[in-house]
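Read through the structure below, which is laid out as structure tokens, and then see the notes.
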Amino acid sequence: VLQLRNAADLTTAIYTGEVIIPISQDQLVASFVIGSTKLVYVAKGHVKAGIDLSQLTDGDVTIGIDKIQIRLPPAVILDSKIDLNQSKVFDHQRTLLGPDVGVNLQEIAQREALVRMEMAACEKGLLLQANERAQVVINQLLTQSSRLKVEVVPTPVTSTRCHLINPPLGNANDPHYGPWVESTP
């Protein structure tokens, strides 16, 4: 168990995707729009999922006369990243009196892209896939290093267990955050 715990994260599934994030910010004077800045960001990236082996406890492992049983922790999102070399601002428009916020809008779009990428990965069943693969990998690893029969029991994953590591941004109705486009599965 100690050797498995020391291995820390075991990545067993990766989702690669693309999301398109349109975002805008208006310049207001006395509640009137006098200008705007709009940006469309195309983000490509990946989401890694697997199990955190440091979560294993002594109670998760049962060693019998002829069998070892190990209960795995549930699969979780371990990492998500945008590939900045593959991502780009597809369109940037600023009217004459529009605010000079292009860089800020791009940063907000990148953060939102991470959230949308994680949500898309969860919707595609990334955690279920990671759970199944972790069971196979740990089973193979323990079978090779033990003469006993090995039984690996995964903790079931449900869609509610898909906790995003990048929390969503503020209220989508806030004019500073603009209209978001859902990623297409």
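Each residue of the sequence shown is one higher than the one before, starting from 22 at the first, in our numbering. Even glycine gets a Cβ: it sits at the ideal position worked out from N, Cα and C. All figures in this text were calculated on a predicted structure; none of them were measured in a lab.
Valine 97 is not a Cβ neighbour of alanine 64, given a cutoff of 8 angstroms. Non-local C-beta neighbours of isoleucine 55 in its own chain, meaning closer than 6 angstroms and more than five positions away in sequence, comprise Gln48, Leu118, ordered along the chain. The straight-line gap separating the alpha-carbon atoms of glutamine 165 and glutamate 172 is approximately 13 angstroms. Judged by DSSP in its simplified three-state form, arginine 168 adopts coil rather than helix or strand. Bounds of the beta strand (DSSP E) holding glycine 71 are 53–73.
Around the beta carbon of asparagine 152, 16 or more other beta carbons sit within 10 angstroms, so the residue counts as buried. Ranked by how close their Cα comes to the Cα of cysteine 143, the residues Lys69, Ala51, Ile86 have Lys69 in first place. Around the Cβ of threonine 37, a 10 Å sphere holds fewer than 16 other Cβ atoms; the residue is exposed. Per DSSP, isoleucine 129 is one residue of the alpha helix (DSSP H) stretching across 123–144. Scanning its chain for C-beta atoms nearer than 6 angstroms, with the 5 sequence neighbours on each side dropped, one finds around aspartate 104 the residues Lys65, Gly66, in chain order.
In the same chain as valine 61, and ignoring 5 residues on each side of it, the C-beta atoms closer than 6 angstroms to its own belong to Pro43, Phe111, Asp112, in chain order. When the beta-carbon positions are compared, isoleucine 72 and leucine 163 stay at least 8 angstroms from each other.
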